[in-house]
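**Student:** Quick one: the structure is below, and I'll ask about it shortly.
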Amino acid sequence: MRAEHLLDDSSQPSQASEGRSHPKGSVLAPMAGLVVKVLLKDGVHVENGQPVMVIEAMKMEHVVKAPRAGYIEGLKATAGQQVFDSSALFTVKDKSTS
Numbered sequence: 000m001r002a003e004h005l006l007d008d009s010s011q012p013s014q015a016s017e018g019r020s021h022p023k024g025s026v027l028a029p030m031a032g033l034v035v036k037v038l039l040k041d042g043v044h045v046e047n048g049q050p051v052m053v054i055e056a057m058k059m060e061h062v063v064k065a066p067r068a069g070y071i072e073g074l075k076a077t078a079g080q081q082v083f084d085s086s087a088l089f090t091v092k093d094k095s096t097s
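Be aware that the sequence shown starts at 0, since it is given in numbering that gives the first Met the number 0, and climbs by one per residue.
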């Protein structure tokens, strides 16, 4: 089974972000899980809704997509890494800084 998630700051519950500071435009993990695939690298241009990584949780794969067109920056997760719910995974910036 595969679930697809398109996330941005506004889709996260406010209490999940309390006490945490994420840069504007951060894409957050939809839940705790294992990163099974990272499909893109820092500095790469993405389109709105383009898959960036796949997280496995509860025997389901969750595709994390870019919330808008731009450039991937600050890619924090690698394949095989465990991530927590609401962990910042990457940001999408208007211009590449690479």
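From the three backbone atoms N, C-alpha and C, an ideal C-beta is built for every residue, glycine too.
Grouping DSSP H, G and I as helix and E and B as strand, with all else coil, what is residue 66?
**Tutor:** Residue 66 falls in the coil class under three-state DSSP.
**Student:** Could you check which residue in 91, 51 and 26 has the C-alpha nearest to that of residue 36?
**Tutor:** Checking every option, the nearest Cα to that of residue 36 belongs to 51.
**Student:** For a quick check, are the C-beta atoms of residue 88 and residue 43 less than 7 Å apart?
**Tutor:** No, Cβ-Cβ distance for residue 88 and residue 43 is not below 7 Å.
**Student:** Does residue 44 come out as helix, strand or coil in the three-state DSSP assignment?
**Tutor:** Correct three-state label for residue 44: strand.
**Student:** Which residues mark the beginning and the end of the beta strand (DSSP E) in which residue 88 is found?
**Tutor:** Looking at the DSSP string, the run of the beta strand (DSSP E) that includes residue 88 is 87-92.
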